[in-house]
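Everything on this sheet refers to the single structure shown next.
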Amino acid sequence: DGGITQSPKYLFRKEGQNVTLSCEQNLNHDAMYWYRQDPGQGLRLIYYSQIVNDFQKGDIAEGYSVSREKKESFPLTVTSAQKNPTAFYLCASSIDHSAEYEKLFFGSGTQLSVL
Amino acid sequence: AQTVTQSQPEMSVQEAETVTLSCTYDTSESDYYLFWYKQPPSRQMILVIRQEAYKQQNATENRFSVNFQKAAKSFSLKISDSQLGDAAMYFCAYRNRDDKIIFGKGTRLHILP
Numbered sequence: 118d119g120g121i122t123q124s125p126k127y128l129f130r131k132e133g134q135n136v137t138l139s140c141e142q143n144l145n146h147d148a149m150y151w152y153r154q155d156p157g158q159g160l161r162l163i164y165y166s167q168i169v170n171d172f173q174k175g176d177i178a179e180g181y182s183v184s185r186e187k188k189e190s191f192p193l194t195v196t197s198a199q200k201n202p203t204a205f206y207l208c209a210s211s212i213d214h215s216a217e218y219e220k221l222f223f224g225s226g227t228q229l230s231v232l
Numbered sequence: 131a132q133t134v135t136q137s138q139p140e141m142s143v144q145e146a147e148t149v150t151l152s153c154t155y156d157t158s159e160s161d162y163y164l165f166w167y168k169q170p171p172s173r174q175m176i177l178v179i180r181q182e183a184y185k186q187q188n189a190t191e192n193r194f195s196v197n198f199q200k201a202a203k204s205f206s207l208k209i210s211d212s213q214l215g216d217a218a219m220y221f222c223a224y225r226n227r228d229d230k231i232i233f234g235k236g237t238r239l240h241i242l243p
């Protein structure tokens, strides 16, 4: 079945540590996204990518980094510079804007907590 | 920069009644898409309904419909015949032609039996 897989489901970070959240899709979608969800804050865009080897900063990119070396993969690294990383992280993908049906397909999320 | 505002953090509705969730957005673009997503306690995001800005006709999906007022930059969601399974967080979202998609802060909907 086609879909988006995020792993791990739960992740713990120690102080000063970088951690990487995985996001893989087999939907052949061009665009991929990372969102952070905090209680009462909705979903805030961290980074998004429209094509391989290209990505754009969202509204809260500081302390995060991404790569898009393959169409199906869009990993997110939470660096030690992100001082408040505890949140629920959602990855999503979509056909590009030229497609007729453009909804986002979401993964099941990763809950990141600081030890 | 585009923004999406949901002014109702929480709402309640009696089962079988109708409820309307509000959403306003700010943009200087003329071509964009609007969405409502539902997030139940499982936290899995589910598309409820979408609307293209160039279409004047309001979108409908079974019990869900929107009131799209482009000049007012308003995109409200109406849920008719509310059911217990409709209880969730509802997010309004905006997508521009550069594929940037932003969300509002959400409205938590409670269904009263």
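Listed in order, the protein sequences are those of chains A and B. Here our numbering is used: position 61 in the first sequence is 178, and no number is missing along the way. Here our numbering is used: position 63 in the second sequence is 193, and no number is missing along the way. For each residue, glycine too, the CB sits at the ideal point set by N, CA and C. Note that the coordinates shown come from a computational prediction; the quantities given were computed from them, not determined experimentally.
> Counting Cβ pairs, one atom from each stretch, are 3 or more of them under 8 Å apart for the region 226 to 237 of chain B and the region 151 to 166 of chain A?
Replying inline: Contact between the region 226 to 237 of chain B and the region 151 to 166 of chain A is established, with three or more Cβ pairs separated by less than 8 Å.
> In chain B, which residues lie less than 9 Å from Leu162/A when you measure between Cβ atoms?
Replying inline: Walking along the first sequence from the start, residue 162/A turns up at place 45. Within 9 Å Cβ-Cβ: Lys230, Ile231, Ile232, Phe233.
>> Taking the alpha carbon of Ser166/A as the reference point, which residue from Met149/A, Pro156/A, Arg153/A, Asp155/A has its own alpha carbon closest?
In response: Here residue 166/A refers to the residue found at position 49 of the first sequence. The shortest C-alpha separation from Ser166/A is found at Met149/A.
>> For chain A, check one thing: does any of its Cβ atoms lie closer than 8 Å to the Cβ of Tyr220/B?
In response: Locating residue 220/B in the second sequence gives position 90, where the first residue counts as 1. Tyr220/B does not count as touching chain A.
>> Quick check: the Cα distance between Thr135/B and Asp156/B, rounded to an integer number of angstroms?
In response: On the second sequence, position 5 is the one that residue 135/B refers to. On the second sequence, position 26 is the one that residue 156/B refers to. Distance between the alpha carbons of Thr135/B and Asp156/B is about 8 Å.
>> To be precise: take each residue of the region 217 to 232 of chain A, compare its Cβ to all Cβ atoms of chain B, and keep it if any distance is under 7 Å. Which residues remain?
In response: Glu219, Lys220, Leu221, Phe223, Ser225, Gly226
> Which residues in the same chain as Glu217/A place their Cβ atom closer than 8 Å to its Cβ, once the five residues preceding and following it in sequence are excluded?
Replying inline: Mapped onto the first sequence, residue 217/A falls at position 100. Unreliable positioning characterises Glu217/A in this predicted model, as indicated by a pLDDT of 49, which lies under 50. A coordinate reading is not provided.
>> Measuring straight from C-alpha to C-alpha, what distance separates Ser204/B and Asn192/B?
In response: Against the second sequence, residue 204/B aligns to sequence position 74. Against the second sequence, residue 192/B aligns to sequence position 62. Computed Cα separation, rounded: 21 Å.
> Does the beta-carbon distance from Leu193/A to Ala209/A come in below 8 Å?
Replying inline: Numbered from its first residue, the first sequence carries residue 193/A at position 76. Numbered from its first residue, the first sequence carries residue 209/A at position 92. Against a cut-off of 8 Å, the Cβ pair of Ala209/A and Leu193/A comes out as no contact.
> If you measure beta-carbon to beta-carbon, which residues of the region 192 to 208 of chain A are closer than 9 Å to chain B?
Replying inline: Phe205, Leu207
> Run through DSSP, which three-state label would Asp228/B get?
Replying inline: Counting from 1 along the second sequence, the entry for residue 228/B is found at position 98. Reduced to three states, the DSSP call for Asp228/B is coil.
> Distance, Cα to Cα, Trp151/A vs Gln173/A?
Replying inline: For the purposes of this step, residue 151/A is identified with residue 34 of the first sequence, where counting begins at 1. For the purposes of this step, residue 173/A is identified with residue 56 of the first sequence, where counting begins at 1. Trp151/A and Gln173/A: Cα-Cα distance of roughly 11 Å.
>> For a minimum of 4 consecutive residues, which ranges assigned as the alpha helix (DSSP H) are wholly contained in the region 144 to 207 of chain B?
In response: Runs of the alpha helix (DSSP H) inside the region 144 to 207 of chain B: none found.
>> Under 9 Å, CB to CB, which of the residues in the region 120 to 135 of chain A have a partner in chain B?
In response: none
>> Quick check on Gly226/A: does DSSP put it in helix, strand or coil?
In response: The residue given as residue 226/A occupies position 109 in the first sequence. Taken through DSSP and simplified to helix, strand or coil, Gly226/A comes out as coil.
> Which residues in the same chain have their Cβ closer than 7 Å to the Cβ of Ile168/A, if we skip the five residues on either side of it in sequence?
Replying inline: Your numbering for residue 168/A matches position 51 in the first sequence. Taken in chain order, the residues that qualify are Asp147.
> Taking 8 Å as the CB-CB cut-off, is Arg193/B touching chain A?
Replying inline: If you number the second sequence from 1, residue 193/B lands on position 63. It does not; no Cβ of chain A falls within 8 Å.
> In three-state DSSP terms, what is Gly234/B?
Replying inline: Counted from its first residue, the second sequence places residue 234/B at position 104. Reduced to three states, the DSSP call for Gly234/B is coil.
> Which residues, in order along the region 133 to 156 of chain A, keep a beta-carbon less than 9 Å from a beta-carbon of chain B?
Replying inline: Result list: Asp147, Ala148, Tyr150, Tyr152, Gln154.
> In chain B, which residues lie with their C-beta within 8 Å of the C-beta of Tyr165/A?
Replying inline: By one-based count along the first sequence, residue 165/A stands at place 48. In chain order: Asp229, Lys230, Ile231.
>> For a contact defined as C-beta to C-beta under 7 Å, what are the partners of Gly236/B on chain A?
In response: Here residue 236/B refers to the residue found at position 106 when the second sequence is read from its first residue. Contact of Gly236/B with chain A by beta-carbon distance below 7 Å involves Gly159.
> Should the region 156 to 167 of chain B be regarded as contacting the region 175 to 186 of chain B, the criterion being three or more beta carbon pairs within less than 8 Å?
Replying inline: yes
> Using a C-beta to C-beta distance shorter than 8 Å, which residues of chain A count as neighbours of Met175/B?
Replying inline: Residue numbering aside, residue 175/B sits at position 45 when the second sequence is read from its first letter. Within chain A, the residues near Met175/B are Leu207, Ala209, Leu221, Phe223.
> Who does Ser184/A pair with in a DSSP beta bridge?
Replying inline: Your numbering for residue 184/A matches position 67 in the first sequence. Bridge partners of Ser184/A: none, in fact.
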